[in-house]
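J.: In my numbering, the protein residues as written are 1027 to 1173.
Input: one structure, supplied below.
See below:
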């Protein structure tokens, strides 16, 4: 868990990605000085990650997720841990699928494009996902998000 972080625990169902969205937006709204592009990129990446975990982690025995969020002067960090089984996940950078109508295969590539750091590791009996978005401050040029 990220030290000094706000924490959301959820067990889908009934918890879902809308709970994650409401939580992260409420926390980001406490920091009105954050750049709009940074907010949008971080929220989109985190929602994509949470959606993937909620949709794919449960193998029928249920899964509990813990999201911790920390906003500092230079970055936004989130850690999402889940109780899903160890599936030998290897997180590697991916490109968007060539088929523009593909319904899957975009999530990891999208997350990598939106944040500055994306990390996964298995710790004990939990999967631990981390994303970090560096903050663009006033006076710095906005860095466009690459898709």
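Glycine included, each C-beta is placed from N, C-alpha and C at the ideal position.
Could you tell me the boundaries of the alpha helix (DSSP H) in which residue 1161 lies?
T.: One-based indexing of the chain shown puts residue 1161 at position 135. Taken as a continuous stretch (DSSP letters only), residue 1161 belongs to no alpha helix (DSSP H), as it is neither H nor E.
J.: Shortest alpha-carbon distance to residue 1073 belongs to which of 1163, 1155 and 1101?
T.: As a working note, residue 1073 is residue 47 in the chain shown. Among 1163, 1155 and 1101, the Cα nearest to that of residue 1073 is on 1155.
J.: Per DSSP, what kind of secondary structure is residue 1149 in: helix, strand or coil?
T.: As a position in the chain shown, residue 1149 is number 123, starting the count at 1. Three-state result, residue 1149: strand.
J.: Taking Cβ positions, are residue 1042 and residue 1034 nearer each other than 8 angstroms?
T.: Within the chain shown, the letter at position 16 stands for residue 1042. Within the chain shown, the letter at position 8 stands for residue 1034. The answer is no: Cβ separation not under 8 angstroms.
J.: What distance in whole Å lies between the Cβ atoms of residue 1036 and residue 1161, which are believed to be in contact at a cut-off of 8 angstroms?
T.: Numbered from 1 along the chain shown, position 135 holds the residue referred to as residue 1161. Numbered from 1 along the chain shown, position 10 holds the residue referred to as residue 1036. Not confirmed; about 26 angstroms, so no contact.
J.: Determine, using beta carbons only, whether residue 1095 and residue 1139 come nearer to each other than 8 angstroms.
T.: Locating residue 1095 in the chain shown gives position 69, where the first residue counts as 1. Locating residue 1139 in the chain shown gives position 113, where the first residue counts as 1. The answer is no: Cβ separation not under 8 angstroms.
J.: To the nearest angstrom, how far is the alpha carbon of residue 1088 from that of residue 1145?
T.: Counting from 1 along the chain shown, the entry for residue 1088 is found at position 62. Counting from 1 along the chain shown, the entry for residue 1145 is found at position 119. Roughly 23 angstroms separates the two Cα atoms.
J.: Going by DSSP, which residues form a beta bridge with residue 1143?
T.: Here residue 1143 corresponds to residue number 117 of the chain shown, with the count starting at 1. DSSP, once it has assigned bridges, lists 1158 as partnering residue 1143.
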